[in-house]
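Trainee:
2 protein chains.
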Amino acid sequence: MRSANDEARPPENFVDASSPSTPVRSNLHQRIARDLGERIAAGDPVPGKVLPTEAELCARLAVSRSALREGFRLLAGKGLIASKRKVGTVVRPRTEWNMFDPDVLAWHLAAAPTDGFVTDLFEVRRIIEPWAAALAAQRAEAPTIARIAVAYEDMVRFQGRAEDLLEADLRFHETILEATGNAFLISFGALIESGLRASFKLSWSGSAHTPEYSLRRHRRVWETIRERKAQEAFALMSELLRSAIEDVHDALLSRRLAADEERGVFTDSVKDKGPSGQRQRESRERARQQPASKR
Amino acid sequence: MRSANDEARPPENFVDASSPSTPVRSNLHQRIARDLGERIAAGDPVPGKVLPTEAELCARLAVSRSALREGFRLLAGKGLIASKRKVGTVVRPRTEWNMFDPDVLAWHLAAAPTDGFVTDLFEVRRIIEPWAAALAAQRAEAPTIARIAVAYEDMVRFQGRAEDLLEADLRFHETILEATGNAFLISFGALIESGLRASFKLSWSGSAHTPEYSLRRHRRVWETIRERKAQEAFALMSELLRSAIEDVHDALLSRRLAADEERGVFTDSVKDKGPSGQRQRESRERARQQPASKR
DNA sequence: TCTCATCCTATTGTCCGACAAATAAACCGC
DNA sequence: GCGGTTTATTTGTCGGACAATAGGATGAGA
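Here the protein sequences line up with chains A and B, keeping their order. Residue 75 in the working numbering is what sits at position 75 of the first sequence, and the numbering runs on without skipping anything. Residue 1088 in the working numbering is what sits at position 88 of the second sequence, and the numbering runs on without skipping anything.
#1: Give a yes or no on whether 9 Å exceeds the smallest Cβ distance from W1222/B to chain A.
#2: Closer than 8 Å: is that where the CB of I81/A sits relative to any heavy atom of the ligand HEM?
#3: Pop quiz: A190/A and P130/A are said to be a contact at Cβ under 8 Å. What is the actual Cβ separation, rounded to whole angstroms?
#4: Let's see if you can read the secondary structure: which residues bound the alpha helix (DSSP H) around T1224/B?
#5: So what's G1088/B in DSSP terms, helix, strand or just coil?
#6: Which of the three DSSP states is assigned to S83/A in this structure?
#7: What are the residues of the region 1102–1130 of chain B that lie near chain A, defined by any Cβ-Cβ distance shorter than 8 Å?
#8: Is it true that the CB of R1069/B sits closer than 9 Å to the CB of E1342/B?
#9: Can you give me the C-alpha to C-alpha distance between S254/A and D247/A, rounded to a whole angstrom?
#10: In the DSSP assignment, what are the bridge partners of V1050/B?
#11: Report the CB separation of G37/A from L80/A in whole angstroms; it is logged as a contact under 8 Å.
#12: Among residues of its own chain, excluding the 5 on either side of E1193/B, which ones have a beta-carbon nearer than 6 Å to its beta-carbon?
#13: Hey, is A76/A's beta-carbon within less than 9 Å of any beta-carbon in chain B?
#14: Between the C-alpha atoms of R242/A and R125/A, what's the straight-line distance to the nearest angstrom?
#15: Among F1072/B, P1093/B, T1210/B and P1143/B, which one has its Cα closest to the Cα of S187/A?
#16: Assign Q231/A to one of two classes, buried (16 or more other C-beta atoms within 10 Å of its C-beta) or exposed (fewer than that).
#17: Return yes when the Cβ of A134/A is within less than 9 Å of the Cβ of A244/A, no when it is not.
#18: Look at the alpha carbon of F117/A and the alpha carbon of C1058/B, and state the distance between them as a whole number of angstroms.
#19: What separation, rounded to the nearest whole angstrom, lies between the Cα atoms of K271/A and P211/A?
#20: Hey, how far is the Cα of L1028/B from the Cα of Q30/A?
#21: Would you check if the region 106–113 of chain A and the region 1095–1113 of chain B touch, i.e. whether three or more CB-CB distances between them fall below 8 Å?
#22: Would a C-beta distance cut-off of 9 Å place I1148/B and R1226/B closer than the cut-off?
#23: Quick test of your reading: R1073/B and R73/A, contact by CB under 8 Å. State the CB separation rounded to the nearest angstrom.
#24: Which of helix, strand or coil does DSSP assign to D154/A?
#25: For G71/A and chain B, any beta-carbon pair shorter than 9 Å?
#26: Say whether chain A places a C-beta atom closer than 9 Å to the C-beta of A1251/B.
#27: Any beta carbon of chain A sitting closer than 9 Å to that of M1155/B?
#28: Using a cut-off of 8 Å between C-beta atoms, extract the partners of H29/A located in chain B.
#29: Out of H249/A, V91/A, A137/A and T119/A, point me to the one whose CA is closest to G181/A's CA.
#30: Are L1166/B and Q1159/B touching if we call contact CB-CB under 9 Å?
#31: Does any C-beta atom of chain B lie closer than 9 Å to the C-beta of A183/A?
#32: Along the chain, where does the alpha helix (DSSP H) containing W107/A start, and where does it finish?
#33: Between which two residues does the alpha helix (DSSP H) containing W1097/B stretch?
#34: Considering only their Cβ atoms, is the gap separating F172/A from E1123/B smaller than 9 Å?
#35: Indicate whether at least one CB of chain B lies closer than 9 Å to the CB of S66/A.
#36: My output table needs one value for P1130/B: the three-state DSSP class, helix, strand or coil.
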């Protein structure tokens, strides 16, 4: 029984290798978790509803119950699902999900990168990272400051290659978080990494602002940290993130415009969007749950 | 084989029921994860080292391999461990752990509530919650504000019963986070809940400040949110947390003093601690990894 | 003696089947 | 119509088997 393949099953043909914090050759239960996680993040089984029974999912995904259940545990540990005897495995309400988990963030961005969602993410970054910069200016040890410098210099050197530039950019921000010596802020770095990687893959490789503009801001942040000017580091990091979020919103906007145009629709829902950077606050309630992509 | 019990094994005799975000009647794999998680958080297998093999752990804990592996997945999903064929299951470096996971936080606090750790936690609270209060003042809808009021009034009513007071206190802070509408900030509430619950169980039920003092601060935060005064809400929440961290530090200090005294040691390591609230910044590096309790 | 290829073995990864336990839902007696 | 009982379904745990991988031992050759 269970001959070959039924539907929606990636048994062997996809080596893929696209997930943060999981190695290229991921295990089966990791792939299962990612698969289900992305689907749940997209709202396939809407919160409150139950997933198919383990037996059925085993058949559909063509995996053993052990592997499936281990995948379930990965999701349960992040708050996405909860299983109970006789009732099944239910998708927990979104408020219970651990949004600070890098995987959960990646699944969200892979499945439904809504405006409201990335707005929320950058809002948190704008809350945390300026403080991190200030604390780094106060506490960073010399070698850590040197690593921030290296990251910045790599950004300059890799200006051409977007891939390497992203890596250097990530290292820049993560090293600043490290410099604070705060275990929680260091953890926050993984979230930024996951978020930026996914956003990057989402195709906003470039930016609306010129590369020089962004580089100059990074350089000034680094300099103020080196010179132990906490308040200025705070302000500059705040500025840096403000311009970064504008870039992301522009990218998401053009992305949606392109999608709409190609679909032939051009209704009133997209005609009066301003040039970004301002109306996020007002329209955030409505933009929240509006999927911008497939599925 | 595997007759009765070997060591450090809680097979059936502990019903316990002490873990946040997990129901009272927890499953076996959840208990396994908590058990190993607390031990790892305490540094039993130090990061980089490998755990005993699955076969051995199965024997020691007297559980099946399935249950053990599901527990492993819980831990792996939070970044604590990583398994590889032939090499075993290694404890990942602390920087890779997801400190924003409520369980990870609880395990840390249960196993090794160091000064540096709670300082870090409250530092993050002081970064995030004032902003949350400000955003809540801007965005909260009327019914949400009403729930904040209810939480405050419950705090007043439950002044006597510490348990209920804690619940109301948690609801107060979590509702403010909810009011921001930011998915990430809402997630942060689970962290606060886990942290405060563990701290509470750690015995600082009361506080150095009078209850009235704390209540007055909460009241003023609520009022400014109701009156949409974002800046004042920011400042007041900041103040509230500043006094809260003083309470916690006092509690931890007296806790350690009591432990030292009872042990008979009274060396120079504890004699010149000031009256809290000031020297956290300077001595944080040294206080970081100093266990204050058993094990 | 050093280097490299090969084999061996230990360990996790996955599969399978069985039974236990819980509990929602159907059922039945009153 | 209602409360207690039974049933059926679903997850929870167990035990065993084999596959896959990779570290380490082994041995041959330079």
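Where a beta carbon is used, it is the ideal one built from N, C-alpha and C, also for glycine.
Mentor: According to the structure shown:
#1: no
#2: This structure does not include the ligand HEM; it has no bound ligands of any sort.
#3: That pair is no contact at about 19 Å.
#4: P1211 to R1226
#5: strand
#6: strand
#7: P1102, D1103, F1117, D1120, L1121, E1123, V1124, I1127 and I1128
#8: With chain B represented from 1001 up to 1295, any question about residue 1342/B goes unanswered, as that position is not in the structure.
#9: 11 Å
#10: V1090/B
#11: 6 Å
#12: L1170
#13: Yes, A76/A counts as interfacial toward chain B.
#14: 10 Å
#15: P1093/B
#16: Around the beta-carbon of Q231/A, fewer than 16 other beta-carbon atoms lie within 10 Å, marking it exposed.
#17: no
#18: Those two C-alpha atoms are separated by around 42 Å.
#19: Its pLDDT being 38, under 50, K271/A is placed unreliably by the model, and nothing is read from it.
#20: In a straight line, the C-alpha of L1028/B is about 21 Å away from that of Q30/A.
#21: no
#22: yes
#23: 4 Å
#24: helix
#25: yes
#26: no
#27: The C-beta of M1155/B comes no closer than 9 Å to any C-beta of chain A.
#28: R1073
#29: Of H249/A, V91/A, A137/A and T119/A, the residue nearest in Cα terms is A137/A.
#30: no
#31: yes
#32: P102 to A111
#33: Per DSSP, W1097/B belongs to no alpha helix (DSSP H) and is neither H nor E.
#34: no
#35: yes
#36: helix
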